[in-house]
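Numbering (our numbering), first residue to last: 105 to 1312. Glycine is no exception: its CB is placed at the ideal position from the N, C-alpha and C atoms. Just so it is clear, the structure is predicted and the values come from calculations on it, not from any experiment. Have a look at the structure below, then the notes.
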């Protein structure tokens, strides 16, 4: 069946067989990379022979197979481009149209089908990344008994090549490839745009091959049989490259066959219709030969369709059924993607339960990509109403699984599942129950915006789109600015929000509906008309509905003005294209033009409701300054708005209303606009009125003394006025009113005489803090004289003294406020913020003295780390008040974070953080993240000082334990020892895997620890251990962070205190020393193996280095593991095992090859005979040669005396 090969080809086959020692005869084709695979042959002479023959065969074959493309390639070569010779190079380069490439191959196939087919086979092998060769031999008999022996896959150790023999009838193909292909990359998995384009070209070539040959070569019972047999065999290979490439090829081949089958079905239906028309004609007009031709054509189309379906069945059963559960997720994803296309394109054949079940099963796949392809495929089916009847059984079986995928860990899968369920709801009646829909509605509050917007679209179509405004509307409804349809829609939306009881998530609901219902949400005229409507007339809104509608109005205004999603749903502000930017500008103009008129009316109507006016006063914050000049009606209505804002602020004293009013004045007060003077005059009049009133009330209050403190009316007037001044002082610089002098009199009088209500004291502290901060900001922005800076310095110090006095106030709220404002002020005046920038502001740098630092630390210990909160939380849990419990926890976390900022910014001494670090284990669930971040920041500032703080923390806990041992039992002390040991272990984990960076700090910790343990110990032969010897048990937790040379140095330093006679003591009092010695001596080489994971100087090695290093690691650690296990059985260490430890995340170390410097052999621990053994290095590995140029920091002996480690 295959033509007899020419002499050159026969010689090539004989030479190849003589080299690889595989008996074969027939045709041969080699890839252009055969030289690289030939380099693994035994002799150089064999390499030259293979090279010469392969080049000659390749040249003759390419000229015969692709004459036209050869000419094109020569033209490209003359222009300086790379010449494409093989089919793989033509497709990968993609310089020619794919249709012309396929036409050239079909032409070559029709001339010499065996040679062209071998080219195609070689193309598939090369696309798999194979660097070897493909040979073919004839298989004449299907019943050859030696066939099974030839269907083998073996490895030749001499040549380093791997062989696979399989039958692609009527041939037996032999594929040869290097062994290193098993774990290497191949074209389908290589990154970069070039290989991405190659994948597209590869798939296009397969589809185009079937499309161009659908009327000729695919029905010759030769091409398709061979190709399908080849792809089926290679898709079952254990080599991933072959399996992935050939599976994708077979799937794309089936997709192309499906397209052919669809075309045949269309042609058959058209022909059958013509045949029926011809047969229905009258006998006199009927053409018999025409009817016979149509019958013959129908029969031919039926035969072709049957043959195509047989091919599809063979591919599906031979490839898809074997690979849809492949271990490689990419293969599984390809299978699910293609079967979705098949069912959509050729539904009469594929769209049934026999094929749908595979998609349903793979919805449970553990890989995200596979689940996503399944969902996308089902979307194409459920979006077509013609397929719904065939999906009833599948829907009933897998609906629950699809519903559960809304909570998928991958957000994209969850979003697409929501979209799929939306199609099911639209096209399938009574499939989703009311509970299912309510579950889907809840996802409008999801933090992932694509999922939330899809859920919002589902909510809009199911609940809100039924209330559309008709085209014709009565004039009365138009004049009122609303209509019954809009009111019904708004009420439905409000009812949905009320039923969910998530009243703090209005902005998330609006954002979810924005893409699909923005015309509804931006109909501000109808919303404001509905709010201004009298509830007693017509169908108005009740009080709760009005509150929700105002919140929706505010959220829609913010969304239209800013354009980005609320916090938690986006990575930041997005850049709008020109079209969206124009829409945003138009919306901003509408916001100003509408609300500058309507907002005063809304404020007047709801002026007594604090919650409503708080939301309404936030609307001016979203007035865009860029469009002020385009709005002509601003000037006339601005006075009305400012007057109404003033009236609202005068009526309320709540912090939310005052804050919103202050921000509204700040938004309208812009120096660049003409309205600046108008707003400034209104603001100044308001502040003048408050300041004059406050000064008059304060004078009367201080003159009367304590007798007036009982006058509630005067206290209320002072407090309300001070609240308004404080709220405005937060957003506005009120320094010209000199508020510090007048307000500070309250604090001075309170500290000297007392009797000041705590509410007034709290507001006075906040107001004076704003005054100090505004003065500092003004100094930073402008140039001030030295006298002004000194005066500001005096003011700053007096303020800190007043806050320090308030820390001892009898009321806890006053102490908390004093602590908060003091922390803010100290951070603003810290050394990091001013030093080096402006030397003239150096006097403003304030460092708290030791007394103030102790006061701050005492406050934290009393308010944050105290047992009182446990009783409070227990009472809260009994009463079911979880909100108060969370608020209390948030308050304590805020206080702790404020103090940790002082530590991080070096405002207070770093050693004060030792008291914070002591609570790491006890309050891990509440404050563990804050304490851990503080420890990390302090280590970045100063590693040595941070380590000293940890040492101080552990030593103080140990001394407290010794102090308690006199009055407590031994059992409780053991439990406490284990707790401190666990705390030390947690501290040790924070150093990470990079031991080089923490080398000095860890060595210092061991130095201080040894000195502390042997404090007061004299080597005079006494057997009584030192009083602090048990501290070495705690210190041993840091031994694994020492490098090998440092362990030796620390052990030598330990010997200075212990001496040789101490090592012979076996009493229980010395067990801590024995344990600590064991931690320094055990597994030193093993720890060095992990210490090379420094990200600064080393990289992760290959798997071969890992395999070579592991036996050496096991040799080095066998001897030391025995002694460590014996010591761990002691009673003291056993007690620590009983302590419950919070499980930590285990980090797998990155194994890298051992560093070999100067060609020295690595010394391991003692062998079986007690002598040191040596392992010869593998000096031929390129990784070792690369590492030889690195500094050998592991082998440097550290002189520990440089750390001042002389005995005290």
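- With fewer than 16 other CB atoms across the displayed protein chains lying within 10 angstroms of its CB, residue 914 is exposed.
- For a cut-off of 8 Å, the C-beta gap from residue 232 to residue 346 is around 5 Å, short enough to register as a contact.
- Using a 10 angstroms sphere on the CB of residue 681, the tally of other CB atoms stays under 16, which defines it as exposed.
- A direct Cα-Cα distance of roughly 14 Å separates residue 1185 from residue 1176.
- Taking 4 residues as the shortest admissible run, the region 481-552 contains the following complete alpha helix (DSSP H) segments, listed from N- to C-terminal end: 496-508, 515-531, 538-545.
- Here the alpha carbons of residue 294 and residue 495 stand approximately 38 Å from one another.
- The three-state secondary structure of residue 1134, taken from DSSP, is coil.
- In the three-state scheme derived from DSSP, where H, G and I count as helix and E and B as strand, residue 679 is classed as coil.
- Each residue's CA atom was taken as its position, placing residue 553 and residue 994 some 27 Å apart.
- Counting other Cβ atoms within 10 Å of its Cβ, residue 792 stays below 16 and is therefore classed as exposed.
- Excluding sequence positions up to five before and after residue 207, its CB lies within less than 8 Å of the CB of 316, all in the same chain and listed in chain order.
- For residue 833, the three-state secondary structure derived from DSSP is helix.
- Distance from residue 438 to residue 351 at the Cβ level is roughly 7 Å; contact confirmed, criterion being Cβ atoms closer than 8 Å.
- If you compare the alpha carbons of 1001, 1033, 512, 423 with that of residue 335, the shortest gap goes to 423.
- Taking the Cα positions, residue 770 is about 50 Å away from residue 528.
- Around the beta-carbon of residue 394, fewer than 16 other beta-carbon atoms lie within 10 Å, marking it exposed.
- In summary, residue 952 is buried, with 16 or more beta-carbon neighbours lying within 10 Å of its beta-carbon over all protein chains present.
- Here DSSP, grouped into helix, strand and coil, assigns residue 1122 to coil.
- According to the DSSP assignment, residue 853 belongs to the alpha helix (DSSP H) that extends over 843-856.
- Separation of residue 703 and residue 788 (C-alpha to C-alpha, rounded to the nearest whole angstrom) is 22 Å.
- Taking 9 Å as the cut-off, the beta carbon of residue 1133 is found closer than this to the beta carbon of residue 1174.
- Distance check between residue 786 and each of 630, 840, 746 places 746 closest, using alpha-carbon atoms only.
- Put simply, of 550, 391, 468, 212 the residue whose alpha carbon is nearest the alpha carbon of residue 671 is 550.
- The Cβ atoms of residue 209 and residue 222 lie no closer than 9 Å to each other.
- When the alpha-carbon of residue 926 is set against those of 1055, 631, 849, 1005, the nearest one is in 1005.
- Ranked by Cα distance from residue 933, the options 920, 950, 919, 924 are led by 950.
- Inside the region 315-341, DSSP marks whole alpha helix (DSSP H) runs of 4 or more residues at positions 327-338, from first to last along the chain.
- With a cutoff of 9 Å on beta-carbon distance, residue 828 and residue 872 are scored as not near each other.
- Residue 896 and residue 919 have their C-alpha atoms roughly 24 Å apart.
- In this structure, residue 406 sits near residue 372, with a CB-CB distance shorter than 9 Å.
- The closest CA to that of residue 911, considering only 854, 1108, 1128, is found on 854.
- For the pair residue 1141 and residue 1088, the CB atoms are nearer than the 9 Å cut-off.
- Counting only the Cα atoms, residue 216 lies some 17 Å from residue 227.
- Taking 9 Å as the cut-off, the Cβ atoms of residue 844 and residue 889 do not count as close.
- Around the beta carbon of residue 1043, 16 or more other beta carbons lie within 10 angstroms, which makes this residue buried.
- Cβ neighbours of residue 870 within its own chain (closer than 7 Å, five residues either side excluded): 830, 921, 925.
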